[in-house]
Amino acid sequence: MIAAEWKPIPELVAKVSGHKKVLVAGCATCVAECAAGGEREAETLAPLLTLALAEKGHSVDVVTVTLERQCEFEFYNEIPDLLETEEIDAVVSLACGIGVQAFMEWFPSVRVYPGVNTSALVIREAPGVWTARCEACGDCILDETFGICPMARCSKGILNGPCGGTSNEGKCEVDSDTDCAWKLIVERGIQAGRVEDLMAVRKAKNYSNSRHGGPKRIVREDLQA
Ligand code: SF4
Ligand code: SF4
Numbered sequence: 240m241i242a243a244e245w246k247p248i249p250e251l252v253a254k255v256s257g258h259k260k261v262l263v264a265g266c267a268t269c270v271a272e273c274a275a276g277g278e279r280e281a282e283t284l285a286p287l288l289t290l291a292l293a294e295k296g297h298s299v300d301v302v303t304v305t306l307e308r309q310c311e312f313e314f315y316n317e318i319p320d321l322l323e324t325e326e327i328d329a330v331v332s333l334a335c336g337i338g339v340q341a342f343m344e345w346f347p348s349v350r351v352y353p354g355v356n357t358s359a360l361v362i363r364e365a366p367g368v369w370t371a372r373c374e375a376c377g378d379c380i381l382d383e384t385f386g387i388c389p390m391a392r393c394s395k396g397i398l399n400g401p402c403g404g405t406s407n408e409g410k411c412e413v414d415s416d417t418d419c420a421w422k423l424i425v426e427r428g429i430q431a432g433r434v435e436d437l438m439a440v441r442k443a444k445n446y447s448n449s450r451h452g453g454p455k456r457i458v459r460e461d462l463q464a
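Under my numbering, think of the first position of the sequence shown as 240, with each following residue one higher.
Written as structure tokens, this is what we have:
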């Protein structure tokens, strides 16, 4: 899923302080799963924002809504009425960057502020802990690395690791709280009984399929008809 984290409240206060009525818009999908932008977080942020604005001498009314998915236009049906009847003059979107862009695309005349910083494509490793598992590189090699992504999980994105800096405890030399991805890959290879497969030298990836090749566009003609 896509993970995000709240922006600092003072940053949001600075952005919305000139408005009269602000809609905090949650998204019930990824950002809800990572406890950053779902209904609960929207309901929590609204009073905190009101209070923080009041402390700075701004009287701003803050209301909330949560869409099933902000990245899909079909879930925006109730928004036009809400914007009009509530006389909303700004939106703080708690969706990921994709949801915020969809909101702005759908309502270009409305001031929309991102309420979260979108961080990574993650898995929930433990309660309250999410770790990046994919960089959306467009050229997946997980079958060659026993299901552990060296792009997302090796600090240097090394395809033929390890780099030589792994600690004796198997931690990454860049971040001692993180397991060396290549230690994990080798362990998984041993577990699978195919560790010798890692002896094959992996060629450079096709980075033109990633962000480095320009903005990504996926076209499925079979679905266009
Ligand atoms: S190899 Fe690329 S597509 Fe596959 S998990 Fe890693 S970053 Fe994602
Ligand atoms: S120690 Fe392991 S995870 Fe860290 S940069 Fe080196 S190979 Fe990558």
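The beta-carbon is built from N, C-alpha and C at its ideal position, and this holds for glycine as well. Predicted model, so just to flag it, every value in this text is computed and none were measured.
Taking just the CA atoms, how far does His258 sit from Gly296? Counting from 1 along the sequence shown, the entry for residue 296 is found at position 57. Counting from 1 along the sequence shown, the entry for residue 258 is found at position 19. If you take the alpha carbons of Gly296 and His258, they lie about 13 Å apart.
Local Cβ density within 10 Å of Gln309, reported as buried at 16 or more and exposed below that: One-based indexing of the sequence shown puts residue 309 at position 70. Buried, because 16 or more other Cβ atoms sit within 10 Å of the Cβ of Gln309.
Report yes if the CB atom of Ala391 is closer than 8 Å to the CB atom of Arg372, and no otherwise. Reading the sequence shown from its first residue, position 152 is the one you call residue 391. Reading the sequence shown from its first residue, position 133 is the one you call residue 372. In contact: Ala391 and Arg372 (Cβ atoms closer than 8 Å).
Residues bridged to Glu244 by DSSP? In the sequence shown, counting from the first residue as 1, residue 244 sits at position 5. DSSP lists Asn356 as partners of Glu244.
How many angstroms separate the CA atom of Leu262 from the CA atom of Thr303? Here the question's residue 262 lines up with position 23 in the sequence shown. Here the question's residue 303 lines up with position 64 in the sequence shown. Roughly 5 Å between the two C-alpha positions.
Which listed residue (Ala341, Glu282, Ala271 and Arg350) has its alpha carbon closest to that of Lys260: Stepping through the sequence shown from its first residue, residue 260 is reached at position 21. Cα-wise, what sits closest to Lys260 is Arg350.
On the three-state DSSP scale, how would you describe Val413? Position 174 of the sequence shown, counted from the first residue, corresponds to residue 413. Of the three classes helix, strand and coil, the one that applies to Val413 here is coil, per DSSP.
Kindly list the residues whose CB is nearer than 6 Å to the CB of Thr268, restricted to its own chain and excluding five residues on each side of it in sequence; keep chain order. By one-based count along the sequence shown, residue 268 stands at place 29. For Thr268, where only same-chain residues beyond five positions count, the Cβ hits under 6 Å are Arg308.
Residues in its own chain within less than 8 Å of Leu287 by CB, not counting five upstream and five downstream? Along the sequence shown, one-based indexing puts residue 287 at 48. Correct list, in chain order: Ile248.
Does DSSP put Thr370 in a helix, a strand or coil? Sequence index remark: in the sequence shown, residue 370 carries index 131 (1-based). Thr370 falls in the strand class under three-state DSSP.
Of all the options Ala281, Ala375 and Asp320, which has the alpha carbon lying nearest to the alpha carbon of Ile457? For this step, residue 457 is matched to residue 218 along the sequence shown. Nearest option by C-alpha distance: Ala375.
Ligand 2 site residues, beta-carbon cut 6 Å against heavy atoms: Cys393, Ser394, Lys395, Ile397, Gly400, Pro401, Cys402, Gly404, Thr405, Cys411, Glu412, Val413, Cys419, Ala420 and Trp421
Take the Cβ of Phe342 as the centre, count every other Cβ of all protein chains shown within 10 Å, and call the residue buried at 16 or more, exposed below. In the sequence shown, counting from the first residue as 1, residue 342 sits at position 103. Answer is buried; the Cβ neighbour count reaches 16.
Apart from the five residues just before and just after Glu325, which ones in its own chain have a Cβ nearer than 8 Å to its Cβ? As a working note, residue 325 is residue 86 in the sequence shown. Contacts found: Lys260, Leu262 and Val302.
In this structure, how does DSSP classify Asp382 when only helix, strand and coil are distinguished? Along the sequence shown, one-based indexing puts residue 382 at 143. Asp382: coil per DSSP, three-state reduction.
heavy atom of ligand 1 below 7 Å from Cys273 C-beta: Position 34 of the sequence shown holds residue 273. Cys273 Cβ: outside cutoff for every heavy atom of ligand 1.
In whole angstroms, what separates the C-alpha of Thr417 from that of Glu426? Taking the first residue of the sequence shown as position 1, residue 417 is located at position 178. Taking the first residue of the sequence shown as position 1, residue 426 is located at position 187. Distance between the alpha carbons of Thr417 and Glu426: 15 Å.
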